[in-house]
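First up is the structure itself, then whatever we jot down about it.
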Amino acid sequence: MNGDDYRGLGWAHGALTVQRLGAMLAPVTFVLADGRQVSPMHIAPWSGEREAKALPGILRRLRGEWPCVPFGYSVPVDGWPEEWARVMGPPAPDEEVHGHGSNHDWTWRAGGNGSLSLALAYPEASPVERIERTIRPDPSAPAIDIEFRVFVRRACRLPIGLHPVFRLPLETGAANLELSGFDEGRTYPHDVEPGASLFARNKTFFELISVPTRGGDTIDASRLPLVADTEELLQIEGVDGTAALVNHEDGYRVQLSWQKEHFPSLLLWYSNRGRKAAPWNGRHVAIGIEPICSPFGLGPATALADNPVAQSGIATALDFSPEEPFVTRYRIEASAL
Numbered sequence: 001m002n003g004d005d006y007r008g009l010g011w012a013h014g015a016l017t018v019q020r021l022g023a024m025l026a027p028v029t030f031v032l033a034d035g036r037q038v039s040p041m042h043i044a045p046w047s048g049e050r051e052a053k054a055l056p057g058i059l060r061r062l063r064g065e066w067p068c069v070p071f072g073y074s075v076p077v078d079g080w081p082e083e084w085a086r087v088m089g090p091p092a093p094d095e096e097v098h099g100h101g102s103n104h105d106w107t108w109r110a111g112g113n114g115s116l117s118l119a120l121a122y123p124e125a126s127p128v129e130r131i132e133r134t135i136r137p138d139p140s141a142p143a144i145d146i147e148f149r150v151f152v153r154r155a156c157r158l159p160i161g162l163h164p165v166f167r168l169p170l171e172t173g174a175a176n177l178e179l180s181g182f183d184e185g186r187t188y189p190h191d192v193e194p195g196a197s198l199f200a201r202n203k204t205f206f207e208l209i210s211v212p213t214r215g216g217d218t219i220d221a222s223r224l225p226l227v228a229d230t231e232e233l234l235q236i237e238g239v240d241g242t243a244a245l246v247n248h249e250d251g252y253r254v255q256l257s258w259q260k261e262h263f264p265s266l267l268l269w270y271s272n273r274g275r276k277a278a279p280w281n282g283r284h285v286a287i288g289i290e291p292i293c294s295p296f297g298l299g300p301a302t303a304l305a306d307n308p309v310a311q312s313g314i315a316t317a318l319d320f321s322p323e324e325p326f327v328t329r330y331r332i333e334a335s336a337l
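Residue 1 is where the sequence shown starts when you use UniProt numbering, and the numbers rise one by one after that.
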């Protein structure tokens with residue numbers, strides 16, 4: 001690291017830090033209306049360890065929130081349901097987990113007063129020319145507004161996603177997810193992490209409080225952390241563009257809002273001590289609340305194919321044009337309970 005790897009901003013309602021690696025946002029401290037300070041964004045426990053230097057870019061100092069273009073990564077098709085296996089392509093030779101931007105150092109750009117701005121050029125072989133993002137605290141509230149831009153060299157279709165990861169309390173069930181309603185939820189069609197699966201494979205559900213399990217029962221997947229050591233993904237369709245995490249232990253609510261016309265699905269990443277290998281070591285507890293246009297983050301080949309999510313009428317890739325940049329805006333805001 002060098003002295004320019006991080007930059008920070010302070011304002012009347014908080015303070016934030018952004019790192020060049022992945023342009024990841026965290027730590028963030030919000031000052032609530034009652035004067036308390038809360039820090040809702042997650043920082044991986046290994047981020048300061050010496051061994052982390054050898055990890056892939058996305059894991060090295062995993063934290064907070066960042067954008068992913070293209071979103072996802074390819075996985076082996078062994079053991080997948082036929083309707084998925086037939087459309088799952090191999091990874092591209094240059095494929096990087098959650099895209100080039102998640103794994104490399106961005107460059108600081110000149111930003112306006114009270115904001116931080118970064119950009120990253122993509123390899124010449126990529127249809128993406130560059131990506132930019134600007135992070136701007138709301139001067140009147142404990143909130144952060146973020147703008148993300150994608151410039152492409154040629155017309156293309158790509159899966160895209162935002163990757164906010166939030167800190168959870170230690171006590172089981174001391175936080176809960178709030179969704180204002182949705183049309184349908186899907187469990188992951190395979191194991192996210194072998195030997196650490198809780199939810200039934202390839203099932204649908206209509207309430208987050210009643211998600212099918214491997215044992216034939218249901219579980220309230222809105223109460224966090226979960227009691228079991230597990231690693232899971234749920235894809236939610238038809239969310240109205242808002243989701244919130246209520247931390248009862250620390251007495252705050254943090255809300256994420258996004259443009260649902262850009263991100264028709266919401267991916268919930270339950271990282272609940274399920275990954276035992278290094279650097280996770282059974283100690284990683286967080287919830288990813290990720291607006292996406294993607295099928296479970298299964299990589300560009302699957303996203304562009306006639307996969308089961310796309311067959312249901314839900315877009316799993318966005319169209320990009322060199323004629324004008326893609327621009328999306330979203331917001332993270334905290335309040336006292």
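C-beta: ideal position from N, C-alpha, C; glycine also.
Computed from a predicted model, the values in this text were never measured in an experiment.
Buried/exposed call for Tyr6, threshold 16 Cβ in 10 Å: Here residue 6 refers to the residue found at position 6 of the sequence shown. It counts as exposed.
Residues near Pro45 in its chain [Cβ-Cβ closer than 6 Å; skip 5 each side]: Along the sequence shown, one-based indexing puts residue 45 at 45. Cβ within range, chain order: Arg283.
Cβ shell of Ala141 (< 7 Å), same chain only, five flanking positions each side left out: Walking along the sequence shown from the start, residue 141 turns up at place 141. Around Ala141: His13 and Glu333.
Chain C contact for Tyr252 (CB, 7 Å cutoff): Although the question refers to chain C, the structure presented lacks it and comprises just one protein chain.
Under the three-state DSSP convention, the category Pro291 falls into: Numbered from 1 along the sequence shown, position 291 holds the residue referred to as residue 291. Three-state result, Pro291: strand.
Every unbroken beta strand (DSSP E) inside the region 22-80 [3 residues or more]: 25-31
Proximity of Leu304 and Leu224 at Cβ, strictly below 7 Å: For the purposes of this step, residue 304 is identified with residue 304 of the sequence shown, where counting begins at 1. For the purposes of this step, residue 224 is identified with residue 224 of the sequence shown, where counting begins at 1. It is not a contact, given that the beta carbons lie outside the stated cut-off.
Nearest-angstrom Cα separation, counted from Arg275 out to Asn281: Against the sequence shown, residue 281 aligns to sequence position 281. Against the sequence shown, residue 275 aligns to sequence position 275. Distance between the alpha carbons of Asn281 and Arg275: 6 Å.
Selected residue, minimal CA-CA separation from Ile236, among Asn247, Ser222 and Val69: Residue 236 sits at position 236 when you count from the first residue of the sequence shown. Nearest of Asn247, Ser222 and Val69 to Ile236, Cα basis: Ser222.
Distance between beta carbons of Leu21 and Gly8, contact taken as under 8 Å: Taking the first residue of the sequence shown as 1, we reach residue 8 at position 8. Taking the first residue of the sequence shown as 1, we reach residue 21 at position 21. Gly8 to Leu21, Cβ: 15 Å. No contact.
Segments assigned beta strand (DSSP E), at least 3 residues, entirely inside the region 169-217: 175-179 and 184-187
Straight-line gap, Arg133 to Phe148 (C-alpha atoms, nearest Å): In the sequence shown, counting from the first residue as 1, residue 133 sits at position 133. In the sequence shown, counting from the first residue as 1, residue 148 sits at position 148. Near 4 Å, if we compare the C-alpha coordinates of Phe148 and Arg133.
Contact belief for Ser197 with Arg214 at Cβ below 8 Å, rounded distance in angstroms: Taking the sequence shown and counting its residues from 1, the one referred to as residue 197 is at position 197. Taking the sequence shown and counting its residues from 1, the one referred to as residue 214 is at position 214. With 8 Å as the limit, Ser197 and Arg214 qualify as a contact, their Cβ atoms being about 6 Å apart.
Buried or exposed (CB count within 10 angstroms, at least 16 for buried), Lys49: One-based indexing of the sequence shown puts residue 49 at position 49. Note on identity: in this sequence residue 49 is Glu, with Lys being the wrong assignment. So Glu49 ends up on the exposed side.
Rounded straight-line distance, which links the Cα of Phe263 to that of Ala314: For this step, residue 314 is matched to residue 314 along the sequence shown. For this step, residue 263 is matched to residue 263 along the sequence shown. The identity of residue 314 in the sequence shown is Ile, whereas the question assumes Ala. If I take the Cα positions, the gap works out to 10 Å.
Alpha carbon of Pro212 to alpha carbon of Ala174, nearest angstrom: Within the sequence shown, the letter at position 212 stands for residue 212. Within the sequence shown, the letter at position 174 stands for residue 174. Spanning the two alpha carbons is a distance of roughly 21 Å.
Range of the contiguous alpha helix (DSSP H) that encloses Ala310: Here residue 310 refers to the residue found at position 310 of the sequence shown. Per DSSP, Ala310 belongs to the alpha helix (DSSP H) from Pro308 to Gln311.
Own chain residues within Cβ distance below 8 Å of Glu261, not counting five before or after: On the sequence shown, residue 261 is found 261 positions in, with the first residue counted as 1. Result list for Glu261: empty, nothing under 8 Å.
For Ala92, the first and last residue of its enclosing beta strand (DSSP E): By one-based count along the sequence shown, residue 92 stands at place 92. Run containing Ala92: none; DSSP gives neither H nor E here.
Trp11 vs Pro137 beta-carbon contact at 7 Å: Position 11 of the sequence shown, counted from the first residue, corresponds to residue 11. Position 137 of the sequence shown, counted from the first residue, corresponds to residue 137. Yes.
Ala110 versus Val128 - alpha carbon distance: Counting from one through the sequence shown, the residue named residue 110 turns up at place 110. Counting from one through the sequence shown, the residue named residue 128 turns up at place 128. Whole-angstrom Cα-Cα distance: 22 Å.
Boundaries (first-last residue) of the alpha helix (DSSP H) holding Trp11: Walking along the sequence shown from the start, residue 11 turns up at place 11. It is not in any alpha helix (DSSP H) - Trp11 instead sits in the beta strand (DSSP E) that spans Tyr6 to Trp11.
Nearest candidate by alpha-carbon position, reference Asp183, set Glu171, Ala155 and Asp240: The residue labelled residue 183 in the question sits at position 183 within the sequence shown. Ranking the options by Cα distance to Asp183, first place goes to Asp240.
Val285 vs Glu232 beta-carbon contact at 7 Å: As a working mapping, residue 285 is identified with position 285 in the sequence shown. As a working mapping, residue 232 is identified with position 232 in the sequence shown. Taking 7 Å as the Cβ cut-off, Val285 and Glu232 do not qualify as a contacting pair.
Own chain residues within Cβ distance below 8 Å of Ala52, not counting five before or after: As a first step, residue 52 must be located in the sequence shown, where it is residue number 52. Result list for Ala52: Trp46, Leu59, Arg60, Arg61 and Pro279, in chain order.
Bridge partners - Gly297, DSSP secondary structure assignment: The residue given as residue 297 occupies position 297 in the sequence shown. Paired residues: none, contrary to the question.
Length of the line joining the Cα atoms of residue 343 and Ser115: The first residue shown for the chain is 1 and the last is 337, placing residue 343 beyond what the model contains.
Proximity below 7 Å, CB of Pro123 to CB of Ser294: For this step, residue 123 is matched to residue 123 along the sequence shown. For this step, residue 294 is matched to residue 294 along the sequence shown. In this structure, Ser294 does not lie closer than 7 Å to Pro123 by Cβ.
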